[in-house]
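Residue numbers (the working numbering), protein chains in the order written: chain V, 15 to 257; chain H, 57 to 1029; chain C, 487 to 795. Just so it is clear, CB atoms sit at the ideal spot from N, CA and C, and this is done for glycine as well.
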Ligand SMILES: Nc1nc2c(c(=O)[nH]1)N[C@H]1C(S)=C(S)[C@@H](COP(=O)(O)OP(=O)(O)OC[C@H]3O[C@@H](n4cnc5c(=O)[nH]c(N)nc54)[C@H](O)[C@@H]3O)O[C@H]1N2
Ligand SMILES: Nc1nc2c(c(=O)[nH]1)N[C@H]1C(S)=C(S)[C@@H](COP(=O)(O)OP(=O)(O)OC[C@H]3O[C@@H](n4cnc5c(=O)[nH]c(N)nc54)[C@H](O)[C@@H]3O)O[C@H]1N2
Ligand code: SF4
Ligand code: SF4
Ligand code: SF4
Ligand code: SF4
Ligand code: SF4
Ligand SMILES: [Mo]
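Have a look at this one:
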């Protein structure tokens, strides 16, 4: 069975927010349509976004890591948001595991959002229904788009390719390999939601060199006569010992 | 009517059937949400922008797009857009924002009349300064044809140190001019860079580099963005990188980790330099009187001291190998030293221990980094099977690379010691043998250029004549005091004092000085100031409160000190509010544009690339592209390049101009390099091609000339490449461009200051300044402002950085982007904050000797404790950008510029707060202290400015809620 | 969580309505004949009114109230759906019970009462379980949530019954007063238990598990926006700890000792007004209690938005 998902590589995410606004842009005029903004030009502007990038600082100066952390619906394999929905508006597609909201059924009771530990559902400000990442279901199957474009908007936008998209149930997929090879992990495993989206941790490349690499024979200083060889006439043990 | 929005689950069916895909129309053009210039596809539905994504076929961004690019829709439909020409209401003061709409006819009439009378009397009383634009080739041409020297773009307050420091050393620079070859690099060191111009390409490359296992080190007082994913973060105190770089050079030379072979052939390391006893020649390179100079601009007759024959020989003499160290006596008895010896002597005291004190970087780290750089460069060499011939006719069967690369930007540039710091960096890169080699630094055409480039600024006051074009391009590259633009007394001719003894190598002008100088009438008053695409009443000015006052100041007679101000802008910016006349420009989606090869094209390492922008939407309201305005004005004023001999207008419009303009009649060189010649068969030069635009349109808006592999590397000394550039007229000369470890240009200025050189000498009060800062070798000094500030009273450095999701001041009108950054905090290390009793999130004061600001604190462990910083230009003046008067930008956001001074006290007078060599604005030199706000103080930013009213032609009202759906947009005027 | 007035009103109003009905029905069982039809009609009417008011309040919680009927669809998985079904059913049953009382006492009435009581208990469970079933809202995920909802509903309902009786059927007052006191004290006990439990909770989710980085010191520096979002508004009260503590004391006083004292005084001195006041005060206390119930619940999503209580 297919389970589509995003795999997000924290090792290369620079927190540029491209995935945030490209998602908004694709979806606001798309089938998820009209992601209203309140006070767009006033105090505390706030609008509906399906994807946010947050920043955390890990550790204390000077041993600080700055971690940019993009997060959208994780399309849980066992999504707690689905069974609690009283209308059936929240559902998980059998064919590809995408968790969606049917905006025509949703009553805006927010209960599914309460039941999601990840804080990725947002009531849309104008239509007052629950919205969330659709995994760009209206792109990825759109045969009107060239095949190379049938990928989520955020994945196409991401300049660092920190966002991989594919079927995590297919062991040979790029995402499955990335999870295996780079210790991909899920968020809040303690709740048994089995998020489909995974994160790849920071990986650090260190420098290694040996001291002898500093004292090589072809050191150009020799050429300049700066590390001169002693003259054969200079005193040596040979002058004073005989074995 | 609005189509019913359907639920996603319905959409899936439609989408699978392909029913939604074809509904939109796709147009390709070039983004201009920032200066990176990515290729975009604009998807339109019913004439509205449905969405914008990256063009996968564009060489720069290869399909990706950034946060700003993806928010272009909200720029296009912003309520802050100016849509009608506006005139300041009689009786209202500048800055009050009271305007009345007028027609274009009237507006252009006003400008024409004014500019004509100035041109006929004293053209320098017209000043044209442009901000973050991409059309300096056109604005520069206009200014030159008009005859005013008072022209420059943003470079002077931006990163001229980066351009000058590198170009005067290696003939190219970072920025648009070149960059790190991350595809092949193994070690990448990024210094003082937050976002930079090469936004998307750099991100693409850094990610690939990391994935390929490369090691990424970031040197920066702050760890954000790119630095966040660095394998090692080296926090450094602002303004001290020069010390670090010189210590790295010290260690690399001391351990013999430099690439001797490379330096010998490709730099002036082995060139013999006269000692102090050689009179006029002191400190200059010894020449071989017997050899021809070849080219007076780039003489080739220098000497080596050959190791094998132990005598002076012409450089690059076959079979010779020069000493890099030592001291020798020429036949005439004069003592000479190789330049490298002088460098070695210079850096001898710059030990890692010395640098650690200054920079805060531990000694072990400095040593380790030096060793890592040297060993990686030496032991992980790349050999590409590419044959090439060098300038001395030596054939090489391979191209070698030392895979250590660097990238640096304003963290080095925006300090008043930046020029020497950047020289030090260029020298470090050269010592490692990484210039235009695989895995190192690579040039982008039209770079490398001669050192310095051949274009020279005007150098005599009489080159400015009424009714006549300026004798030279307004900006150029001085090689000696003779190239300065000063009068007989050594006084500046330009309003910004560019190319004067105060800032001799100010190759990009000093835009940050213009308003203050014009206000003071120093060196002279001007009449009309035309500002294009620069927010000089806000974020691109230092000392903002005072500058706003100057803009509105009157003399004793009640006349404005700056009599007339014209602003071309697309939005109701802070600057627009100070204009007497506002010319509403289009957005990037509504106009033609060229990213010209005459300017800063988007070239790739493998060859020149230039590109265009095509309109995908009609101009909003009465907006008119500024390009069209300039072409029209040039025609009306009869500027020679824009009219036929009979005085009639030569170019119908801007697209026509681009196709048909030639730098000289019949030169075949124009703004675009691609598809020249009658049928578009030629590159770089060829007759105008009437179908040139179409050909760009059919090719992703890009012309990419891929060089053969043998021309892609070692271009400073690559005979084939250099001669090719000459053939295609990219350059006039083809002499090899030797790396200037030791700068003769600098020495010539120094000699002039020391009175040891015939020709121009600096005025007395500037002599020791020139003598000090025009050192032919890099040296470290604390930034001028730090020298002038009591560091006990102002112990912290304050800097800004670019947020990736905002472009300068101009995105606060963008409904999506402003949600990410509606206000800013001052980031403070908790240690520093707690010491002053400032709580996380609390209101606080930051004070510099020049001003103070109230803002909110945010604790951060990712900043060096001696530094505080904030996102650049998030704070706004109330009412600007069509934001409500209570918008976060003005109430909680703040502008750090209020703390920064444009002038430093200096010997009883004042001098620009700029690098003494290049005039680069010292944005990042300010020293501050912090304290908590008192309880009971307003929870609001300080200073505050009276809110300006909406300008006529901007939206009638801003909505309380906005929901954008292409084709059925609502709630948005 | 950010307490929503509509939900606070819903749960407290229907709680009182449910409790009142239970009080009425139990009285008819324990003291057959002592409950006059008049009293029964009035009590049923008051109970039904409270239930309807609760229902009305609940609509304010919905983004799309016109579609509320759809909420009955998923009774097999959703406690909310179950509540949506049971609440109107119970309201109807109470109404029917009142009507039956008004017409003529008949055997059917017993059945209606029994059915209504069953629905009432189900409703208590449904409402409680809506909160108790969200396992990562650890403050809520306990049987105590259901018990508290039930006991506090019963207490306020019984108090209301006492007050009504004081005006209409004084003979019932002592019994009701005793029952009220019992329910209130039991409620106090279980609520205190839940407070103690919650105070000792160790959150299972931490910022470390939230972002998957194992390091003792992690701080959020930006949630990715500056003007707030649905997630910062819905799941966090934005009040100080001190404020929360004050509300806790307030409800502990208002919902338990104070109304009990008034109840005692009203009963002893036969002051119906005092008993009515006791109800009003207790109801106010329960509003505060419910506010606190929401506010105290730490949603793990807050870890992603730098929100801490
Ligand atoms: N998104 C976005 N992109 C932009 C722009 C924008 O506004 N927004 N602006 C464009 C423009 S005009 C320019 S000029 C470029 C500038 O591009 P950058 O040079 O990347 O811009 P800055 O933000 O000035 O970054 C300076 C960096 O240097 C660091 N720094 C400051 N002082 C020192 C120092 O003394 N030593 C070291 N080592 N580091 C230091 C700062 O912490 C910061 O990280 O960006 C361009 N790109
Ligand atoms: N404190 C501090 N100050 C700084 C810097 C810093 O690092 N720290 N950086 C400096 C640097 S490097 C730079 S380059 C400057 C940038 O400063 P400016 O050059 O002033 O750039 P912007 O803020 O981008 O303002 C440009 C103006 O152009 C307008 N505009 C946008 N698009 C168009 C268009 O298509 N046509 C026209 N006609 N106008 C348009 C905008 O509305 C805005 O008013 O800021 C400098 N100021
Ligand atoms: S677009 Fe990519 S790099 Fe940028 S924030 Fe999103 S995931 Fe990170
Ligand atoms: S992340 Fe939240 S909304 Fe998405 S499937 Fe999981 S529980 Fe549901
Ligand atoms: S808000 Fe909509 S989707 Fe969520 S639980 Fe309620 S009805 Fe279901
Ligand atoms: S997959 Fe689509 S809907 Fe989901 S975050 Fe990415 S762009 Fe947004
Ligand atoms: S980097 Fe600049 S040019 Fe490229 S998409 Fe972003 S805003 Fe546009
Ligand atoms: Mo800049």
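- Less than 8 Å separating the beta-carbons of residue 303 of chain H and residue 408 of chain H? If you number the second chain from 1, residue 303 of chain H lands on position 247. If you number the second chain from 1, residue 408 of chain H lands on position 352. The answer is yes: Cβ separation under 8 Å.
- Message: When you compare the stretch 911 to 928 of chain H with the stretch 1004 to 1015 of chain H, are there three or more beta-carbon pairs, one atom per stretch, that lie closer than 8 Å?
- Response: no
- Query: Which residues, in chain order, does the stretch 859 to 888 of chain H contribute to contact with chain C at a C-beta distance below 7 Å?
  - Reply: 875, 876, 877, 878 and 879
- Item | Which of helix, strand or coil DSSP assigns to residue 104 of chain V | Position 90 of the first chain, counted from the first residue, corresponds to residue 104 of chain V. It is a strand residue.
- Query: Taking Cβ-Cβ distances shorter than 7 Å, what residues in chain H pair up with residue 17 of chain V?
  - Reply: Along the first chain, one-based indexing puts residue 17 of chain V at 3. What residue 17 of chain V touches in chain H: nothing, since even the nearest Cβ is about 16 Å away.
- Measure the Cβ-Cβ separation of residue 129 of chain H and residue 111 of chain H and say whether it is below 8 Å. Here residue 129 of chain H refers to the residue found at position 73 when the second chain is read from its first residue. Here residue 111 of chain H refers to the residue found at position 55 when the second chain is read from its first residue. In this structure, residue 111 of chain H does not lie closer than 8 Å to residue 129 of chain H by Cβ.
- Proximity test, residue 7 of chain V beta-carbon vs ligand 3 heavy atom, cut-off 7 Å: No information on residue 7 of chain V is available, as it lies outside the stretch 15 to 257 that chain V covers here.
- Check each residue of the stretch 664 to 694 of chain C: if its Cβ is closer than 8 Å to any Cβ of chain V, include it; give the result in chain order. 690, 691 and 693
- Item | Contacts that residue 711 of chain C makes with chain H (C-beta to C-beta distance below 9 Å) | Counting from 1 along the third chain, the entry for residue 711 of chain C is found at position 225. Under the 9 Å cutoff, chain H gives 875, 876, 877 and 878.
- Task: Output the distance between the C-alpha atoms of residue 762 of chain H and residue 445 of chain H, rounded to the nearest integer angstrom.
- Result: Within the second chain, the letter at position 706 stands for residue 762 of chain H. Within the second chain, the letter at position 389 stands for residue 445 of chain H. Whole-angstrom Cα-Cα distance: 19 Å.
- The alpha helix (DSSP H) with residue 275 of chain H in it runs from where to where? Residue numbering aside, residue 275 of chain H sits at position 219 when the second chain is read from its first letter. That residue, residue 275 of chain H, is in no alpha helix (DSSP H); its beta strand (DSSP E) goes 271 to 275.
- Task: From the DSSP output, in three-state form, read off residue 448 of chain H for me.
- Result: For the purposes of this step, residue 448 of chain H is taken as residue 392 along the second chain, with counting starting at 1. Residue state, collapsed to three classes: coil.
- What number of angstroms, rounded off, separates the C-alpha of residue 802 of chain C from the C-alpha of residue 673 of chain C? Given that chain C is displayed from residue 487 to residue 795, the structure contains no residue 802 of chain C and the question cannot be resolved.
- Query: Hey, out of H/548, H/886, H/299 and H/104, whose CA is closest to residue 411 of chain H's CA?
  - Reply: Locating residue 411 of chain H in the second chain gives position 355, where the first residue counts as 1. Answer by Cα proximity: H/299.
- Query: Buried or exposed: which applies to residue 487 of chain C, given that a residue is buried once 16 or more other Cβ atoms fall within 10 Å of its Cβ?
  - Reply: Numbered from its first residue, the third chain carries residue 487 of chain C at position 1. Answer is buried; the Cβ neighbour count reaches 16.
- Looking at the structure shown, is residue 524 of chain C part of a helix, part of a strand, or coil, going by DSSP? Translated into the one-based positions of the third chain, residue 524 of chain C becomes position 38. Judged by DSSP in its simplified three-state form, residue 524 of chain C adopts helix.
- Answer yes or no: the CB of residue 88 of chain V versus the heavy atoms of ligand 4, is any distance below 7 Å? Locating residue 88 of chain V in the first chain gives position 74, where the first residue counts as 1. Within the cutoff, so yes.
- Would you say residue 485 of chain H reaches chain V, if we count a Cβ-Cβ gap shorter than 8 Å as a contact? Looking up residue 485 of chain H in the second chain gives position 429. Not an interface residue.
- Task: Compare the Cα-Cα distances from residue 625 of chain C to each of C/695, C/685 and C/610 and report the closest residue.
- Result: Taking the third chain and counting its residues from 1, one reaches residue 625 of chain C at position 139. Comparing Cα-Cα distances from residue 625 of chain C to each of C/695, C/685 and C/610, the minimum goes to C/685.
- Item | Sequence-distant residues of the same chain with beta carbon closer than 8 Å to residue 841 of chain H, five excluded per side | As a working mapping, residue 841 of chain H is identified with position 785 in the second chain. Here the set comprises 472, 957, 960, 969, 978, 981, 982 and 983.
- Task: Confirm, please, whether the CB-CB distance from residue 275 of chain H to residue 245 of chain H is below 8 Å.
- Result: Position 189 of the second chain, counted from the start, is the residue given in the question as residue 245 of chain H. Position 219 of the second chain, counted from the start, is the residue given in the question as residue 275 of chain H. Less than 8 Å separates the beta-carbon of residue 245 of chain H from that of residue 275 of chain H.
- Query: Does the pairing of the stretch 892 to 911 of chain H with the stretch 984 to 994 of chain H give three or more beta-carbon distances under 8 Å?
  - Reply: Counting C-beta pairs closer than 8 Å gives three or more between the stretch 892 to 911 of chain H and the stretch 984 to 994 of chain H, which meets the contact rule.
- Decide yes or no for the touch test of the stretch 804 to 820 of chain H against the stretch 769 to 783 of chain H: beta carbon pairs closer than 8 Å, at least 3 of them. no
- Starting from the N-terminal end, write out each residue whose C-beta falls within a distance shorter than 5 Å of any non-hydrogen atom of ligand 7. H/87, H/89, H/90, H/92, H/94, H/121, H/122, H/124, H/125, H/255 and H/256
- Item | Where residue 629 of chain H falls, given that 16 or more other Cβ within 10 Å makes a residue buried | Taking the second chain and counting its residues from 1, the one referred to as residue 629 of chain H is at position 573. Flag for residue 629 of chain H reads buried.
- Message: Measuring only from the beta carbon, is residue 207 of chain V closer than 7 Å to any heavy atom that is part of ligand 4?
- Response: What you label residue 207 of chain V is simply residue 193 of the first chain in a count that begins at 1. Flag set: Cβ of residue 207 of chain V near ligand 4.
- Message: I'd like the list of long-range same chain contacts for residue 662 of chain H, defined as Cβ closer than 7 Å, with 5 residues on each side in sequence excluded.
- Response: Residue numbering aside, residue 662 of chain H sits at position 606 when the second chain is read from its first letter. Here the set comprises 762, 763 and 768.
- For the beta strand (DSSP E) containing residue 213 of chain V, list its first residue and its last residue. Residue mapping note: residue 213 of chain V aligns to position 199 of the first chain, counting from 1. From DSSP, the beta strand (DSSP E) with residue 213 of chain V extends over 212 to 214.
- Message: Assess contact between the stretch 567 to 581 of chain H and the stretch 613 to 625 of chain H, defined as three or more Cβ pairs (one per stretch) separated by less than 8 Å. Is contact present?
- Response: yes
- Message: Less than 7 Å between C-beta atoms, sequence neighbours within five positions excluded: which residues of the same chain meet that for residue 234 of chain H?
- Response: Translated into the one-based positions of the second chain, residue 234 of chain H becomes position 178. Excluding positions up to five away in sequence, the list reads 228, 497, 498, 499, 500 and 503.
- Message: Let me see if you follow: with CB-CB separation under 8 Å, is residue 91 of chain V close to chain H or not?
- Response: Taking the first residue of the first chain as 1, we reach residue 91 of chain V at position 77. Closer than 8 Å: no.
- Task: Have a look at residue 59 of chain H and residue 54 of chain V and give me their C-alpha separation to the nearest angstrom.
- Result: By 1-based counting over the second chain, the position of residue 59 of chain H is 3. By 1-based counting over the first chain, the position of residue 54 of chain V is 40. Because residue 59 of chain H sits at a pLDDT of 38, beneath the cut-off of 50, its placement in the model cannot be relied upon, and the point is left open.
- Query: Which residues have a Cβ closer than 6 Å to any heavy atom of ligand 6, listed in chain order?
  - Reply: V/37, V/40, V/41, V/64, V/65, V/86, V/147, V/148, V/149, V/150, V/166, V/167 and V/168
- State yes or no: is the beta carbon of residue 39 of chain V nearer than 8 Å to at least one beta carbon in chain C? Position 25 of the first chain, counted from the first residue, corresponds to residue 39 of chain V. Residue 39 of chain V does not count as touching chain C.
- Taking the DSSP output, what are the residues bridged to residue 970 of chain H? Stepping through the second chain from its first residue, residue 970 of chain H is reached at position 914. In DSSP, residue 970 of chain H forms a bridge with H/977.
- Item | Buried versus exposed, by CB contacts within 10 Å (16 or more), residue 546 of chain C | In the third chain, the residue the question calls residue 546 of chain C occupies position 60. With fewer than 16 Cβ atoms within 10 Å of its Cβ, residue 546 of chain C is classed as exposed.
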